[in-house]
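A short worksheet on the structure shown next.
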DNA sequence: TTATAGACAGACCGACCAGTCTGTTATGTT
DNA sequence: AACATAACAGACTGGTCGGTCTGTCTATAA
């Protein structure tokens with residue numbers, strides 16, 4: 001029996017299998033981030049992960065399923081690295097919002113020391129490359145965006161209740177605008193290979209939201 | 212002698228050669244728009260253009276050079292279709308700005324009747340897919356963005372002089388913010404396959420700029 | 001008529017693509 | 001110990017990739 005249906009039922013898998021999956025997903029994340037989906041061959045991914053072809057297809061239905069799994073994995077990574085739970089529990093929701101946005105911004109920069117590359121938002125990259133032809137990826141990306149937007153909306157609502165944010169703004173529309181700006185800024189920064197636009201976006205938002 | 216150096220010296224080419232180039236570029240634009248750069252094979256492009264392989268390489272140095280040429284061609288197409296000259300000459304610069312933004316927005320939707328697809332901003336698509344590994348494309352994209360930003364900046368400055376836009380806004384920073392929002396909105400709309408975010412962005416900007 | 005080069009044609013190349021196939025080894029259950 | 005299955009291995013497939021090669025056809029100028 002093969003378990004590559006990729007219905008996110010990671011439960012019940014052996015630790016060994018889980019570790020292998022993680023190695024593959026991690027390698028795919030790095031390579032997709034740098035070169036994109038189509039420019040990254042499966043061969044390179046499994047070589048980087050130290051896994052044989054047959055083993056890969058034992059764990060994943062195919063390349064597209066791997067992309068979806070990588071998106072799920074990245075969302076979890078964000079949740080812990082950016083500290084989503086802490087952010088939602090922040091006594092100052094506005095401070096939590098800045099922490100979130102700064103965290104998102106830092107994710108767009110390559111963590112490696114030395115030749116720091118602006119590789120953009122992993123979600124946005126896959127979104128633009130695969131939205132038209134790969135519906136499962138498109139749906140997953142939309143789902144993640146909705147989740148982030150909901151988090152931002154919650155923070156805005158709470159911040160308004162505390163008077164930290166202009167009360168006249170519609171929380172949902174404003175959350176969408178903020179997410180849109182963040183994605184736009186990562187795109188611009190990637191083409192310019194600097195962080196200027198992201199800094200500008202956050203600076204703008206600070207001014208715009210303040211009561 | 213082969214003329215495929217792609218230094219944009221289209222002058223001096225025979226009408227026949229110019230027509231062939233245009234057919235190739237047009238086909239490439241359509242296919243790149245729909246499926247992206249890497250997912251589009253050269254074979255499909257030249258088949259769509261009705262041109263043989265050797266003839267393609269007579270006119271272009273390679274696939275990457277074609278992408279750069281397609282960007283230049285698209286910029287010219289925008290200039291005429293959106294009506295850049297008219298916009299800059301508009302007696303109401305604010306009205307010109309809305310015309311520009313609406314024009315940009317309409318470019319993100321597939322023109323074909325029936326199954327209308329949101330294929331996003333052609334520039335932004337290539338930007339995210341090729342910025343890291345294809346420097347010539349990245350430079351061309353950055354150049355186009357700078358051009359558009361400069362147009363927006365000019366419109367803002369003039370609109371401020373006429374009192375159509377809040378005078379306290381920095382024209383350059385605001386122009387950057389607008390371009391960022393537009394690109395972000397095209398990305399969000401492409402993943403959701405609707406025009407909601409673009410409408411929201413323009414609505415937001417109308418409120419934000421008004422004095 | 002001949003020389004020259006631009007424009008066009010398509011067979012061909014090695015490399016690589018995603019995915020399949022037939023195995024072997026490890027692990028846990030009875 | 002015997003069995004079942006999860007986990008792993010890698011050779012192999014047909015197809016496509018971007019790009020090269022050797023031409024032919026056509027138009028202009030000498």
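Residue numbers (the numbering used here), protein chains in the order written: chain A, 1 to 211; chain B, 212 to 422. No residue lacks a Cβ here, since even glycine has one placed at the ideal position from N, Cα and C.
- Interface flag for residue 267 of chain B against chain A is unset, since no Cβ pair is found closer than 8 Å.
- For residue 96 of chain A, the closest of A:172, A:152, A:209, A:36 by C-alpha to C-alpha distance is A:152.
- Under the DSSP assignment, residue 92 of chain A falls outside any alpha helix (DSSP H); it carries neither an H nor an E label.
- By the Cβ test, the stretch 189-202 of chain A is not in contact with the stretch 142-159 of chain A, since fewer than three Cβ pairs between them sit closer than 8 Å.
- For residue 388 of chain B, the closest Cβ of chain A is nearer than 8 Å.
- Taking 8 Å as the threshold, the shortest C-beta distance from residue 133 of chain A to chain B falls below it.
- The three-state secondary structure of residue 119 of chain A, taken from DSSP, is coil.
- In this structure, the beta-carbon distance from residue 124 of chain A to residue 341 of chain B does not fall below 8 Å.
- DSSP places residue 109 of chain A within a strand segment (E or B) once states are collapsed to three.
- Residue 277 of chain B and residue 205 of chain A have their C-alpha atoms spaced approximately 38 Å apart.
- Contact between residue 359 of chain B and residue 390 of chain B holds: their C-beta atoms lie close to 6 Å from each other, under 8 Å.
- At least one CB atom of chain A sits nearer than 8 Å to the CB of residue 353 of chain B.
- Assigned with DSSP and collapsed to three states, residue 354 of chain B falls in helix.
- Apart from the 5 residues on each side of it in sequence, residue 304 of chain B sits with its Cβ closer than 6 Å to the Cβ of 366, 369, 370 in its chain, given in chain order.
- Residues of the same chain with a CB within less than 6 Å of the CB of residue 82 of chain A, apart from the 5 flanking positions on each side, are 103 in chain order.
- Assignment of residue 237 of chain B by DSSP, reduced to helix, strand and coil, places it in the helix class.
- The Cβ atoms of residue 355 of chain B and residue 286 of chain B lie closer than 8 Å to each other.
- At least one C-beta of chain A is nearer than 8 Å to the C-beta of residue 401 of chain B.
- Taking all protein chains shown into account, residue 251 of chain B has 16 or more neighbouring C-beta atoms within 10 Å of its C-beta and is therefore buried.
- Counting only residues of its own chain and dropping the five nearest sequence neighbours on each side, residue 171 of chain A has a CB closer than 6 Å to the CB of 153, 156, 157.
- Per DSSP, residue 46 of chain A is one residue of the alpha helix (DSSP H) stretching across 42-49.
- Between residue 256 of chain B and residue 239 of chain B, the beta carbon gap of about 5 Å places them in contact (Cβ cut-off 8 Å).
- DSSP places residue 76 of chain A in the uninterrupted alpha helix (DSSP H) bounded by 63-78.
- Apart from sequence neighbours up to five positions away, the residues of its chain that approach residue 163 of chain A with a beta-carbon distance below 8 Å are 211, ordered along the chain.
- When the Cα atoms are used, residue 395 of chain B and residue 232 of chain B turn out to be separated by approximately 32 Å.
- Counting only the Cα atoms, residue 297 of chain B lies some 36 Å from residue 126 of chain A.
- Identification of residues in the stretch 290-303 of chain B having a C-beta nearer than 7 Å to some C-beta of chain A yields an empty set.
- A direct Cα-to-Cα measurement between residue 235 of chain B and residue 264 of chain B gives close to 11 Å.
- Cβ neighbours of residue 49 of chain A within its own chain (closer than 7 Å, five residues either side excluded): 23, 24, 27.
- Assignment of residue 247 of chain B by DSSP, reduced to helix, strand and coil, places it in the coil class.
- Listed by position along chain A, the residues whose Cβ is nearer than 7 Å to that of residue 336 of chain B are 128.
- Between residue 343 of chain B and residue 117 of chain A a beta carbon distance of about 6 Å is seen, short of the 8 Å cut, so the two are scored as contacting.
- At a cut-off of 8 Å between beta carbons, residue 36 of chain A contacts chain B.
- Counting along the chain, the unbroken alpha helix (DSSP H) around residue 410 of chain B starts and ends at 407-420.
- Shown here, residue 335 of chain B sits in a helix according to DSSP, grouped into three states.
- Your pair residue 181 of chain A and residue 392 of chain B checks out as a contact, with CB atoms roughly 6 Å apart and the cut at 8 Å.
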